[in-house]
Each structure stands twice: as C-alpha cells, then as structure tokens.
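Protein chains in written order, with the working numbering: chain A, 696 to 906; chain B, 696 to 906. For each residue, glycine too, the CB sits at the ideal point set by N, CA and C. Step one of this worksheet: look at the structure below.
Number of protein chains: 2
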Amino acid sequence: MGKLVLAVSMSLDGFIAGPNHSVENGMGEGGDRLHDWMFQSEGTALPNRSASEIDGRQSFKSDTINADVMQDYFDSTGAFLMGRRWFDHGEGPWGKNPPFNVPVFVVTHRKREKLVKGKTSFTFVTDGLQAAVREAKAAAGEKNITTGGSDIPRQLLQAGLLDEMLLSIVPVLLGRGIPLFDKAMRKHIELEKISVIDAPGVTHIRYKVLK
Amino acid sequence: MGKLVLAVSMSLDGFIAGPNHSVENGMGEGGDRLHDWMFQSEGTALPNRSASEIDGRQSFKSDTINADVMQDYFDSTGAFLMGRRWFDHGEGPWGKNPPFNVPVFVVTHRKREKLVKGKTSFTFVTDGLQAAVREAKAAAGEKNITTGGSDIPRQLLQAGLLDEMLLSIVPVLLGRGIPLFDKAMRKHIELEKISVIDAPGVTHIRYKVLK
C-alpha cells in the first residue's frame with residue numbers, strides 16, 4: 696500500500712508561496728524563489744525560472760542531486776492529490792503535456808468532466824477530501840499518493856491521514872505569504888526524521904508523521 | 696572579528712517555545728520538547744530533561760554528533776547576547792555555575808549591577824540593542840557573539856546586524872507558541888546555506904545572512 700505524502704518547498708520562515716497570489720501568479724510575489732532549486736544548476740547564473748514556464752518535464756534543469764530528488768518525486772508517485780488553487784494556476788501553464796503522467800485527483804466544489812492531457816488525467820472530486828483520498832489510493836496501487844499546497848495537507852494532518860512529509864527547505868525568509876502550517880491547527884504532532892538531503896540551494900528533509 | 700550568530704532550536708512549524716511561557720516555565724507548554732536533542736542519547740529512553748534542570752554543563756548528555764554541536768556552540772562563542780526573557784527564566788535554574796563561562800550581555804530596561812557567577816559574568820545593558828552588540832563585540836574578541844530567543848534576533852535581522860543562523864530544526868509540530876519569525880517582519884531576506892548536520896532527532900542547518 697502506498698503512502699500519502701506531502702511534498703512541498705517551504706521558505707525557512709514557513710511560507711509555501713508569496714503574498715498576493717492569483718491564477719496568473721500562483722506562487723505569489725517572490726514565491727517563484729521557492730522553486731529555484733528545481734531549475735537552476737549549481738553555480739550557474741540561469742535567470743529565475745517560473746513554475747509557469749514548465750512545459751512537460753523537459754524544462755526541469757537542475758544539478759544531479761536535485762534532479763534525483765525530482766525524479767524520485769515523480770517515480771514514487773502513483774497518483775497526485777491536488778487542491779483547486781494548485782490546479783487552477785497550473786492548468787494553463789502545464790499546456791498539453793502536464794508533468795504528472797499519472798492520475799490526478801482535484802478536490803473542488805465545481806463539477807467538471809474528467810480531463811485527459813498527454814499521459815495525465817484530472818478527475819474532479821466534489822464529495823470531499825476523504826472521497827478524493829479513497830479514489831487516489833485506488834488509482835495509485837502500490838505507489839504513493841503525493842500532495843502539495845497548504846490547505847489540503849493541513850486538512851490531512853488534522854484528520855490523521857498524512858503519512859509522510861518531504862519538505863524542501865529553501866534558504867530564504869519571505870517575510871509574508873501563504874504559510875504551510877497555520878496557527879489555526881493548534882495541534883501537537885510528533886514527527887520522525889527519516890532522511891536529510893543537503894542539496895545545492897535547498898535542504899530536503901523527509902519526516903514520518905507519528906500517529 | 697567574530698560573527699553575530701543566532702543559535703536556536705525551532706519546531707518544524709517555526710516555534711522556539713510553547714504557549715503560556717512564564718519565568719517558571721520559560722519554554723512554555725510542551726516547549727521542552729525542542730531541547731530533547733541536547734539531553735537524550737540516541738535510542739535510549741531517558742526521561743525528558745528540562746532546560747530548567749541544567750546545572751552547569753555537566754547535565755548535557757547527548758549522542759556524539761549532538762554533543763559535538765553543543766561543544767562547538769560554546770567553544771566558538773566569546774560573548775552571549777541575551778534578551779531579558781532568556782535571562783529571567785535562566786537565572787534561577789542555572790544556579791551558581793551557569794554554562795556560558797564567557798561574558799553575557801543582557802538587553803533590558805531594568806538597571807542592575809554586573810553579576811558574576813562561576814566563570815560567567817552578566818552585564819545588564821540599558822541603552823539599547825546596538826550598544827549591547829558593541830559591548831559584546833569588544834568582549835568576544837575574535838570569537839563569535841551568540842544570541843538566541845526570538846525578539847533580539849528579529850531586531851538584529853531587521854537592523855541588518857545578524858551574520859549567521861544555526862537553526863536546530865526539531866521534528867515536531869507544536870501548533871502554537873512563540874514563533875521565531877514573525878509576520879510583522881514582512882521583509883525578504885536571502886540566506887546562504889553553509890552546512891547541514893543530520894543528527895539524531897534534529898537537523899542543524901547553518902545559514903549566512905546575505906546583505
């Protein structure tokens with residue numbers, strides 16, 4: 696049985712996106728900084744690449760360590776679980792070949808027909824998070840369900856459904872934006888550190904959520 | 696010239712102490728969890744030790760990696776810079792032999808005579824943070840000035856005075872408490888990752904503050 700894993704890039708001060716995000720600017724002001732490690736090679740001065748420039752997986756240019764992390768992110772995932780915000784600001788930029796190549800389940804209140812683009816399918820689940828998790832688990836088989844964002848992971852944590860977190864901690868203080876962990880959670884949750892990868896421009900730490 | 700370094704333990708969700716802290720319970724409810732790595736040996740089931748049980752340095756029991764981190768914390772420091780809260784809740788528990796063994800400068804509004812305990816001196820600086828930094832630099836010589844807490848480091852960051860941060864990231868979500876970074880900062884600050892130590896029960900990441 697696969698695990699339900701949150702994989703997300705976070706600034707050292709806890710933000711997963713900058714302020715004033717919109718469909719056009721899904722990472723918010725300054726938030727693209729959090730994805731630099733995916734696109735920049737160590738020591739090179741590539742211009743910052745925005746997540747909105749992704750077309751399939753071809754655009755991921757990275758050093759070896761971070762490329763391996765990205766490869767494992769996709770290889771280990773049998774289905775993605777996505778909030779509406781992630782989907783909405785991705786749908787345009789992903790183009791005809793979204794990088795997922797597995798079934799994606801979008802938790803939303805808006806009914807919509809299943810969408811197939813390249814090797815990726817998007818299923819819009821309107822009967823709640825738990826239903827979306829069930830569908831994603833069935834689709835993922837032995838592989839993991841991977842999620843991102845902040846609303847969905849917080850709900851999963853609250854419900855005791857999240858198994859692991861892979862946090863890519865980026866050496867920057869954004870000062871403001873969308874926090875991953877919200878004070879509204881007010882819950883003590885013990886974690887177990889599974890692995891640490893000291894990569895160029897980012898630290899990837901994998902945690903098990905203890906229940 | 697030594698550097699001005701923040702060294703502090705932080706929960707993954709950004710807290711350096713739990714809620715409802717007081718002079719009697721300086722780490723707040725559940726906050727002692729953040730210092731477990733200093734006191735517990737890997738794989739042993741020592742009862743949790745509270746910072747309030749520290750008597751000199753003899754009580755630091757730890758695995759080799761974390762013991763080395765603690766040793767380096769003290770060895771590299773020529774003077775400590777401390778907020779009033781840190782001092783107030785430490786004064787009693789530290790007893791006659793505080794673990795610092797170098798000059799400590801306490802930023803406070805309350806005048807008080809210089810205090811000497813064992814090899815540690817406490818100087819109470821009432822004319823502001825910048826004055827305290829100057830005094831501490833003079834005392835530290837070639838070694839670092841080390842600070843902790845959250846108010847003082849935030850003021851140092853805002854003023855562009857902080858050189859490095861050594862964050863000991865503890866695998867726990869406290870859910871509430873005293874945050875290290877406050878939304879009130881609202882400032883984008885770039886960091887450079889200097890080193891990562893994957894230690895039992897904690898990840899020590901050292902950052903340079905870019906100016």
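Secondary structure of Lys814(A) (DSSP, three-state): coil. Sorting Gln850(B), Val828(B), Asp758(B) by C-alpha distance to the C-alpha of Leu699(B) places Val828(B) at the top.
As the crow flies, the alpha-carbon of Thr815(B) is around 32 Å from that of Leu905(B). Shown here, Asn792(B) sits in coil according to DSSP, grouped into three states, outside any helix or strand. For a Cβ distance threshold of 9 Å, nothing in chain A lies close to Tyr768(B): the least Cβ distance comes to about 19 Å. Collapsing the DSSP output to three states places Pro895(A) in coil. Boundaries of the beta strand (DSSP E) harbouring Thr841(B): 839–842, taken from the DSSP string. If you ignore the 5 residues before and after Leu707(A), its C-beta comes within less than 8 Å of the C-beta of Ile864, Val865, Pro866, Val867, Leu868, all in its own chain and listed in chain order. Taking 7 Å as the cut-off, the beta carbon of Gly836(B) is found no closer than this to the beta carbon of Gly787(B). A residue is called buried when at least 16 other Cβ atoms come within 10 angstroms of its Cβ; Lys888(A) meets this threshold and is buried. For Met880(A), the nearest CB of chain B lies under 7 Å from its own CB, placing it at the interface with that chain. Taken atom to atom, the span from the alpha-carbon of Met722(B) to that of Phe795(A) is near 44 Å.
Annotation: Ala712(A) to Gly844(A) spans about 9 Å, alpha carbon to alpha carbon.
Distances from the CA of Ile892(A) to each of Leu861(A), Asp846(A), Gly790(A), Glu830(A) were compared; the closest alpha carbon is that of Leu861(A).
Listed in chain order, the positions of the stretch 838–862 of chain B with a beta carbon within less than 9 Å of a beta carbon of chain A are Leu852, Met860, Leu862. Excluding the 5 residues flanking it on each side, Arg807(A) has same chain C-beta neighbours closer than 6 Å at Phe819, in chain order. Bounds of any alpha helix (DSSP H) do not take in Met880(A), whose DSSP letter is neither H nor E. Under DSSP, Phe800(B) takes part in a beta bridge, and its partners are Leu776(B), Thr818(B). Contact between Ala854(A) and Leu776(A) is absent: CB atoms are separated by about 13 Å, not below the 8 Å threshold. Close CB contacts of Gly870(A) within its chain, under the 6 Å cut and outside five residues either way in sequence, are absent. Under the Cβ distance rule, Phe876(A) counts among the residues neighbouring chain B, one pair being separated by less than 7 Å.
Taking the Cβ atoms as the reference, Lys838(A) lies roughly 18 Å from Ser890(A), outside the contact range of under 8 Å. Under a 10 Å Cβ-count criterion, Asn715(A) is classified as exposed, with fewer than 16 other Cβ atoms of the shown protein chains found around its own Cβ. Annotated three-state conformation of Val867(B) is strand, per DSSP. In the assembly as shown, Thr821(A) is an exposed residue. Its beta-carbon has fewer than 16 other beta-carbons within 10 Å.
By the CB criterion at 7 Å, Ala834(B) and Pro798(B) fall inside the cutoff. Per DSSP, Leu857(B) lies in no alpha helix (DSSP H) and is assigned neither H nor E.
Interface annotation, His883(A): in contact with chain B, CB-CB separation under 7 Å. For the stretch 704–728 of chain A, residues whose beta-carbon sits nearer than 7 Å to a beta-carbon of chain B comprise Leu707, Asp708, Gly709, Gly725. Close partners of Asp758(B) in chain A (Cβ separation under 9 Å) are lacking, with about 14 Å as the shortest Cβ gap. Your pair Gly896(B) and Asp731(B) checks out as a contact, with CB atoms roughly 6 Å apart and the cut at 8 Å. Contact note: Pro866(A) reaches chain B through Leu886, Glu887, Lys888, Tyr902, using a C-beta cutoff of 7 Å and chain order. Just measuring C-alpha positions, the residue of Leu824(A), Asn792(A), Val703(A) sitting nearest Leu810(A) is Asn792(A). Cα atoms of Thr759(B) and Ile760(A): separation of roughly 28 Å, rounded to the nearest angstrom. When rounded, the separation of the alpha-carbon atoms in Pro874(B) and Gly813(A) is 44 Å. Under a criterion of Cβ atoms nearer than 7 Å, the residues of chain B adjacent to Thr898(A) are, in order, Lys888, Val891, Ile900.
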